[in-house]
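Numbering (the working numbering), first residue to last: 979 to 1566.
And the structure:
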């Protein structure tokens, strides 16, 4: 968590807060452009970052933070090549002053213009590490290597040598030899972070930081401090590490005295391939001691925005289904500028890993069933009836994993019944006279006419809506078969993904009976399983509550504000000053 004043920490938890944003854009030729939250298109600004995959907590990660903005500005987009964005937020304190904190330094990767709107996508300084390492040969302590890398990539180190000295492995001498699979400095940072028992990230000042998981509590989220939340019924903890030795072709396994938790698979680390066996064992056991402090409950939550939160922050939740005695750790966040904030903590359940061997017990969920090169199909069939009206409704959700970067295909066949509305139509026509003495008559005919309805399909990949393609079908009443297809490209390796399908209808209703919706995800290097990961997701919705006021007062104005909270009971209050009445006779 970014260091803030005690007044800030208290105010950020209040129901009413005022947060402002501002930014500075610095071009390569030295120009500076300032903007504020007023220049940001509502709903477009965000900052995202991760330290782990969704279904497993890990060390050695080197994720880049991402910034997205849509600005109302006339800045020439071509001038933003290699430009930087510095973003800040400020909170109004109870005393009336604003406390400002930095949100990060980002390098503009893409700038597109649409009329008066400039759309910017930028990444933090982690991308500076994407430089070829050119068969480096280095020897030194972890601090020596980190300092060398930062200088080569024009980065600052966030930590001093004193911080590195607190790590037992900084006392060891490690080496990089030409015979390895290292391609970039980012690869070296990943392996170095693993030796330090940490993950690598870029701090708010653009510096390279190695951050360890810990147990230092920074925030308690009560019921009133969160909008939605889900929690796993297990704790993620590690009691062993597993690392492959290329020279001996042996997967070495080291565990605590009581080995009843997960095993962290360290894979093949080139920095651990040389030296004495005793040195290698000492390094691995030091890593194990660093990660043994991890004891976190995985979670997902949507909370009021708090710009001071960081990856690796330890929090607790209290009230409702939360256990305030259990710690959680933020491994992913999505901060929405002028909006709320989504935070989550990754993790896996050791109970689901008991049947696995010592060498692969940490490979959880879907990735353990992948067979490269073999076509895999994951099937979804609805187990309950769906009745869909105008509101968008989720009809299928398929979770799948990829061992390697690949493309997959989504197919679906849905047998549905459409019940359209009918409207009364009056048509006039002239009835011709049968004889010369008769006159033509105007006749009105009233009948019911069916209103044709249109079904719209929406796709979401990893909870992000695919906005460039919406299948549409117009139907008359009756039974129909809706056939869907969508190619999903560039699925990242070693990733867990969720593909969701939503259906809505503009008028009338559509019914899908149990077992009449069949959806599949198919491709190579995939896996899919029905094994439960310990998480339960519940969704509920309420109809709009209509408020009616009846009385003898007809002309007055009042401001009413309310905030919907899904957790806990909802209540609405209204207050008004005393109003003087005159000219009205009241009887008992």
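From the three backbone atoms N, C-alpha and C, an ideal C-beta is built for every residue, glycine too.
The structure displayed is predicted, hence computed values, not measured ones.
Return yes when the Cβ of residue 1470 is within less than 8 Å of the Cβ of residue 1438, no when it is not. Their beta carbons are not under 8 Å apart, which means residue 1438 does not touch residue 1470 by this criterion.
Assign residue 1120 to one of three DSSP states: helix, strand, or coil. Assigned with DSSP and collapsed to three states, residue 1120 falls in helix.
To the nearest angstrom, how far is the alpha carbon of residue 1124 from that of residue 1247? When only Cα atoms are considered, residue 1124 and residue 1247 end up about 16 Å apart.
Given this structure, state the Cα-to-Cα distance separating residue 1179 from residue 1311, to the nearest angstrom. Whole-angstrom Cα-Cα distance: 13 Å.
Which runs of the alpha helix (DSSP H) at least 4 residues long sit entirely within the segment 1443-1502? Give them in chain order. Secondary structure in the segment 1443-1502: no alpha helix (DSSP H) run of 4 residues or longer lies completely within the stretch.
Which of helix, strand or coil does DSSP assign to residue 1257? Correct three-state label for residue 1257: helix.
Would DSSP call residue 1434 helix, strand or coil? DSSP places residue 1434 in the strand class (E or B) of the three-state scheme.
In terms of DSSP beta bridges, what is residue 1240 paired with? 1216, per the DSSP bridge assignment.
If we ignore side chains and look at the alpha-carbon of each, how far apart do residue 1305 and residue 1213 end up? Between residue 1305 and residue 1213, the C-alpha separation is close to 9 Å.
Straight-line Cα distance separating residue 1036 from residue 1120: Whole-angstrom Cα-Cα distance: 19 Å.
With a CB to CB cut of under 6 Å and the five nearest residues on each side skipped, what residues in its chain are close to residue 1204? Cβ within range, chain order: 1279, 1281.
If you measure between the beta carbons of residue 1472 and residue 1031, is that distance less than 8 Å? It is a contact, given that the beta carbons lie within the stated cut-off.
Across which residues does DSSP place residue 1307 in a beta bridge pair? The secondary-structure analysis by DSSP pairs residue 1307 across a beta bridge with 1292.
In the DSSP assignment, the alpha helix (DSSP H) including residue 985 goes from what residue to what residue? Its alpha helix (DSSP H) spans residues 984-989.
Determine the extent of the beta strand (DSSP E) in which residue 1390 is found, giving its start and end residues. Start and end: 1384-1397.
Taking DSSP as the reference, what is the three-state secondary structure of residue 1281? Reduced to three states, the DSSP call for residue 1281 is strand.
With distances taken between CB atoms, is the gap from residue 1290 to residue 1215 smaller than 8 Å? No, the pair does not count as a contact, with Cβ atoms beyond the cut-off.
Output yes or no for whether 8 Å exceeds the beta carbon distance between residue 1079 and residue 1063. Not closer than 8 Å, so no.
Pull up the distance between the alpha-carbon of residue 995 and that of residue 1318, whole angstroms please. For residue 995 and residue 1318, the gap between their C-alpha atoms comes out near 12 Å.
Cα-Cα separation between residue 1112 and residue 1175, rounded to whole angstroms: C-alpha separation (whole angstroms): 26 Å.
Mind checking which residues open and close the alpha helix (DSSP H) that includes residue 1142? For residue 1142, the enclosing alpha helix (DSSP H) has its first and last residue at 1139-1143.
Take the Cβ of residue 990 as the centre, count every other Cβ of all protein chains shown within 10 Å, and call the residue buried at 16 or more, exposed below. Note on residue 990: 16 or more other CB atoms within 10 angstroms of its CB, so buried under the neighbour-count rule.
Within the continuous beta strand (DSSP E) that includes residue 1318, where are the two ends? Start and end: 1318-1323.
State buried or exposed for residue 1349, treating a residue as buried only when at least 16 other CB atoms are found within 10 Å of its CB. Summary for residue 1349: the model assigns pLDDT 47, below 50, so the residue's position carries little reliability, and this model does not support an answer.
Buried or exposed for residue 1197, going by 16 or more other Cβ atoms inside 10 Å? Residue 1197 is buried by the Cβ-count criterion.
Report all residues from its chain with a CB closer than 7 Å to the CB of residue 1110; omit the five preceding and five following residues, and keep chain order. 1161, 1162, listed in sequence order.
Using the Cα positions of residue 1195 and residue 1267, report the straight-line distance between them to the nearest angstrom. Approximately 20 Å between the Cα atoms of the pair.
Excluding the 5 residues flanking residue 1233 on each side, which residues of the same chain have their C-beta closer than 7 Å to its C-beta? Only 1217, 1218 meet the Cβ criterion.
With 16 other CB atoms within 10 Å as the buried threshold, where does residue 1090 fall? Burial call: exposed.
Per DSSP, residue 1271 forms a beta bridge with which residues? Note: residue 1271 sits in no beta bridge, so no partner.
Buried or exposed for residue 1359, going by 16 or more other Cβ atoms inside 10 Å? Exposure of residue 1359 is indicated by the presence of fewer than 16 other C-beta atoms within 10 angstroms of its C-beta.
In chain order, what residues of the same chain lie with their CB nearer than 6 Å to the CB of residue 1023, ignoring the 5 residues before and after it? Sequence-distant partners of residue 1023 (beyond 5 residues in either direction) whose C-beta falls short of 6 Å from its own C-beta, in its chain, are 1047, 1315.
Taking the alpha-carbon positions, what's the residue 928 to residue 1495 distance? Absent from the model: residue 928. The displayed extent of the chain is 979 to 1566, so no value can be given.
Assuming residue 1557 contacts residue 1481 under a Cβ cut-off of 8 Å, what Cβ separation, rounded to an integer in Å, is found between them? With a Cβ gap of about 50 Å, residue 1557 and residue 1481 do not count as contacting.
Same chain, Cβ closer than 6 Å to residue 1399, neighbours up to 5 away in sequence not counted: Annotation for residue 1399: 1429, 1485, 1486 place their beta carbon closer than 6 Å to its own, counting only its chain and skipping 5 residues before and after.
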